[in-house]
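2 protein chains.
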Amino acid sequence: MNASLHDKLAALLGPNGYRVEPQDVAPHLVEWRGRYQGWTPFLALPSSTREVAAVVTLCAEHKTAITTQGGNTGLVGAQIPQGEILLSTTRLKSVRSCDPVDDAIVVEAGVVLSQVQAAAQEADRLFPLSLASEGSATIGGLISTNAGGVHVARYGMMRDLVLGIEAVLPDGRVFDGLKTLRKDNTGYDLKQLFIGAEGTLGIVTAASLKLYPRPSSRFTAMASIASPERALPLLHRLKNATGAVAAFEFMNRISIDLTLKNVADLRDPLPGGAALALIECEASTAGLRDAALAALAAAIEAGEAQDVVVAETEAQTHGFWRLRESLSAGHRPEGAQVNCDISVPVSQTPAFLKQAQIACERLHPGVRIVAFGHMGDGNIHFSALIAPGASAEAFPRAAINEAIHEAAVSLGGSISAEHGIGIARLADFKRFKDPIAIEMMRAIKHAIDPNQIMNPRVLIS
Amino acid sequence: MNASLHDKLAALLGPNGYRVEPQDVAPHLVEWRGRYQGWTPFLALPSSTREVAAVVTLCAEHKTAITTQGGNTGLVGAQIPQGEILLSTTRLKSVRSCDPVDDAIVVEAGVVLSQVQAAAQEADRLFPLSLASEGSATIGGLISTNAGGVHVARYGMMRDLVLGIEAVLPDGRVFDGLKTLRKDNTGYDLKQLFIGAEGTLGIVTAASLKLYPRPSSRFTAMASIASPERALPLLHRLKNATGAVAAFEFMNRISIDLTLKNVADLRDPLPGGAALALIECEASTAGLRDAALAALAAAIEAGEAQDVVVAETEAQTHGFWRLRESLSAGHRPEGAQVNCDISVPVSQTPAFLKQAQIACERLHPGVRIVAFGHMGDGNIHFSALIAPGASAEAFPRAAINEAIHEAAVSLGGSISAEHGIGIARLADFKRFKDPIAIEMMRAIKHAIDPNQIMNPRVLIS
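Residue numbers (this note's numbering), protein chains in the order written: chain B, 1 to 461; chain E, 1001 to 1461.
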């Protein structure tokens, strides 16, 4: 790093606005699962959009690259610098406004998801995005990765929840697209560029987000199902009966059993089911519970579900979700594994599960397939766990990863449903993504960031 | 037009694939209200994506500009050629697939909206986009203009209903983004570029669209309200009580009275109300009607509504909507008028109505302000009608237009909520749009269409 740039940044940000000592910077340089380790000559901690713009302006003048980091909960390595200046948005912490009549909240990039949920609740509104890392993940990061989570079936991805964005462009100018309008057809919808761009086109500094009425009733149940094929008509029946399915989470039997073995104080609500589906519906009018119960009774009659347990208390609801949210942790002690996050059209989830399992078994006899996740969106977290007793060298990670992605793509699917590309998926991105799409992305990247100083290792160059 | 290009296109498309005779081309050259008149040397009528790509490839080689037209229902002049080759998508008519389990339909660009609605209904699904021109407007045009309509409050704009897009790029390559995935985080969401781009970045040839369960109950009512200010808590109450407001359409008194005068066989369901709100809620569970009725009773108690009529039959529902949909036609016989399509944050609609009215009255005493539209989205169709007996020269059109837009922008609003920019709003676009946003749009336009052959007169150059 150029010494003069260091001095200018230090003068600009003041003593609270940057860190260079290894012990201060270290927590920002390691991914939370320990998979990526990085380094940076300078951690910038700007406290306002103006300061972010000034930092970027200086870096642009020096053609010095920047990696942006929010809550450091990303899963594909995009937020870990490899020598770039690291810009953390964690000091951009203000909730600028919250208007229940507009159903809109305006927050800065460093505000944590759970704080947005709480601010909405205080105004008697709902911010529906919900995911395991909601206590740490920041709005800037959630936008830059187009986060998904457990309520996508009803409310969509982060992209669907963004009304406006304020961002600092790669030359330091501020793009002010922070309106709270529901409709604005005045040209290209530029905010879309920053959503899911993994920090490669600029730095999101604030956003206006959609709020919803708080549903007055919530229905949560667990169903055991004989096979993924049977889950499809069950899901369809529930959608038709309630119009209000918010979550439909699939868990295969081995994913549950390993988690019960490795995580304390969990309960299997339906032991013996070949697979489970965690169902959540929500509505603001009476009648949801009756409609859902009738649909589930009909589903058992039709053989779509084997058995059903309905949560009658908050504690039971919490217990169902705790099982679901413990799955990743429950698989970690089982040794080497390949984790994929694919999506296919909803109707193709059973075919994907079958094809991917066969491919993995062929590559590694004895492999244990844990498959779970957002079946209502066609999004399966699919992991291949090393056969018990096998040596790490005998576990063909790369081939398994490719075979799983191959199965998804052959069914019209995607190699990354909600986690993004980062550096973790770059090789498969280049292999499976339409070359014309990659060329278009490159043209846009070069048009907006001609000096390639924004997250240059990530996604596209 | 270059003679060799003409011959190559004619050979490519065959006798059914193009028209050059004036009487054949004429219907495509005039906007349906007669506001824009154009000309073209060649009307291309390709019948497949492959043919569209071949036409564009030839035009790109000859650096010859193209204007694309769907159902010719646009309101801002974007679809009327001024010497460019005119490419009509009307022969791209295939419904490629419709899958109720995926809740997705794949259609070509020339399919008309009402056909998509019908195909969805046949599969027991709902395609929720609905607007006055749904019997003529095509999917390609609706995507290129990011159409809105009457159900945005519940289902969003066209942008929110698009899962994937196939488009021919300005160099003739085909961008194949026609997946039916709910989640796909593999880079920039390129389909967003084509939505609302008014044909300036390529030609949409097909799209995959979201379907929904068909709601089993619909509640439609008309409320009289003392003022726009009173309408806001009424809307908020209904949202909270039902979680299912699909439409909340405002109509001021004069907009109704002029329509009753000029359109036959209409009925005013609540004569004497200062303004009316047409309310529609829909849900799939019982209990909607009771919740909505209770909310409306409480609203009358609280003075938010003066009186309410609930539609008890299909005929009554139809009658309410017929009044709403007759408003534009009902104002046309009243002579010269300035029509705006603005949006503001929902909470600012009363302030906008007040400020814009005052500004118009100052510019043209005796002006009649008709204001109606999608108040639930903050989108008001606001028209200033010439004072009775005034001469056209005494009606300051440009100043009124600018004053209305000024009022919207000063309240955080937009000069075009759902109609777009085209050529009609270009001057105000340049005046009111953030210059940084215009520069970003230009950078993208030049990156994707460096020879500027796609709708070059429109939106951005």
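Glycine residues also receive a C-beta, built at the ideal position from the N, C-alpha and C atoms.
Source: prediction; values computed, not measured.
Coarse secondary structure for residue i, derived from DSSP in three states
i, result
"THR1057 (chain E)", "helix"
"PHE1219 (chain E)", "strand"
"SER1144 (chain E)", "helix"
"HIS1309 (chain E)", "In the sequence as presented, His is not what sits at residue 1309 (chain E); that position holds Val. Residue state, collapsed to three classes: strand."
"PRO1228 (chain E)", "helix"
"ASN72 (chain B)", "coil"
"ASP1428 (chain E)", "helix"
"THR138 (chain B)", "strand"
"GLY412 (chain B)", "coil"
"THR1067 (chain E)", "strand"
"HIS1364 (chain E)", "coil"
"PHE372 (chain B)", "strand"
"GLU1402 (chain E)", "helix"
"PHE1248 (chain E)", "strand"
"TYR1188 (chain E)", "coil"
"PHE194 (chain B)", "helix"
"ILE1165 (chain E)", "strand"
"PRO1213 (chain E)", "strand"
"THR180 (chain B)", "coil"
"THR205 (chain B)", "strand"
"ALA1286 (chain E)", "coil"
"MET157 (chain B)", "coil"
"HIS419 (chain B)", "coil"
"MET454 (chain B)", "strand"
Cβ shell of residue i (< 7 Å), same chain only, five flanking positions each side left out
i, result
"ARG322 (chain B)", "LEU266"
"ARG457 (chain B)", "GLN82 and ILE423"
"LEU1075 (chain E)", "HIS1419"
8 Å CB neighbourhood of residue i in its chain, flanking five on each side removed
i, result
"SER94 (chain B)", "VAL107, GLU108 and VAL111"
"LEU142 (chain B)", "GLY70, LEU113, LEU129 and MET158"
"GLU1166 (chain E)", "THR1049, VAL1174, PHE1175, ASP1176, GLY1177, LEU1178, VAL1204, THR1205, ALA1206 and ALA1207"
"GLY135 (chain B)", "VAL112, LEU113 and SER114"
"THR1138 (chain E)", "GLY1070, GLY1071, THR1089, THR1090, ALA1109, GLY1110, VAL1111, VAL1112 and LEU1113"
"PRO1365 (chain E)", "ALA1387"
Closer than 9 Å at the beta carbon, the chain E residues around residue i
i, result
"VAL482 (chain B)", "A query on residue 482 (chain B) cannot be resolved here, the shown segment of chain B reaching from 1 to 461 and no further."
"ALA294 (chain B)", "The premise fails here: ALA294 (chain B) is roughly 10 Å from chain E at the closest Cβ pair, so nothing lies under 9 Å."
"PHE429 (chain B)", "THR1186 and GLY1187"
"PHE175 (chain B)", "ASP1434, ILE1436, ALA1437 and MET1440"
"ILE453 (chain B)", "The premise fails here: ILE453 (chain B) is roughly 16 Å from chain E at the closest Cβ pair, so nothing lies under 9 Å."
Cut-off 6 Å between Cβ atoms - residues of its own chain near residue i, not counting five sequence neighbours on either side
i, result
"CYS1340 (chain E)", "PHE1382 and ILE1404"
"LEU238 (chain B)", "VAL245 and ALA295"
"THR1040 (chain E)", "PRO1081 and LEU1086"
"PRO269 (chain B)", "MET222 and VAL309"
Interface partners of residue i on chain B, CB under 9 Å
i, result
"ASN1379 (chain E)", "LEU181, ARG182 and LYS183"
"PRO1345 (chain E)", "ASP99, VAL101, ASP102, ALA104, LYS179, THR180, LEU181 and ARG182"
Contacts of residue i in chain E (Cβ-Cβ under 8 Å)
i, result
"GLU418 (chain B)", "LYS1183 and ASN1185"
"ASP24 (chain B)", "The contacting residues do not exist; ASP24 (chain B) stays about 32 Å from chain E at best."
8 Å Cβ cut-off: residues of chain B touching residue i
i, result
"ASN1146 (chain E)", "ASN185 and ASP189"
Distance between beta carbons of residue j and residue i, contact taken as under 8 Å
i, j, result
"LEU13 (chain B)", "GLU61 (chain B)", "In fact, because the Cβ distance is near 16 Å, the residues do not count as touching under 8 Å."
"LEU353 (chain B)", "ALA299 (chain B)", "About 20 Å separates the two Cβ atoms, so there is no contact after all."
"ILE1254 (chain E)", "ARG1332 (chain E)", "Actually they do not touch by this definition, with Cβ atoms about 15 Å apart."
"GLY1273 (chain E)", "SER1328 (chain E)", "Not really, about 21 Å apart at Cβ, beyond 8 Å."
"LEU1181 (chain E)", "SER414 (chain B)", "6 Å"
"ALA1078 (chain E)", "GLY1202 (chain E)", "Not quite, the Cβ-Cβ distance comes to about 14 Å (not below 8 Å), so this is no contact."
"ALA1371 (chain E)", "GLY1148 (chain E)", "At roughly 17 Å, the Cβ-Cβ gap does not stay under 8 Å, so ALA1371 (chain E) and GLY1148 (chain E) are not in contact."
"PRO100 (chain B)", "LEU232 (chain B)", "Not really, about 38 Å apart at Cβ, beyond 8 Å."
"ALA384 (chain B)", "CYS360 (chain B)", "5 Å"
"HIS1374 (chain E)", "GLU1280 (chain E)", "Going by Cβ atoms, the distance from HIS1374 (chain E) to GLU1280 (chain E) rounds to 12 Å, so no, they are not a contact pair."
Chain E residues whose Cβ lies nearer than 7 Å to that of residue i
i, result
"LEU459 (chain B)", "GLY1187"
"ILE415 (chain B)", "THR1186"
"THR242 (chain B)", "SER1284 and THR1285"
Closer than 7 Å at the beta carbon, the chain B residues around residue i
i, result
"MET1375 (chain E)", "None at all; the shortest Cβ gap to chain B is about 11 Å."
"PRO1215 (chain E)", "GLY243"
Item to complete: Quick one: which unbroken alpha helix (DSSP H) runs of 4-plus residues sit fully inside the stretch 321-358 of chain B? Chain order, please.
Response: 327-331
Worksheet item: What are the start and end residues of each continuous beta strand (DSSP E) run of 3 or more residues lying completely inside the stretch 85-111 of chain B, in chain order?
Response: 85-88, 95-99 and 104-108
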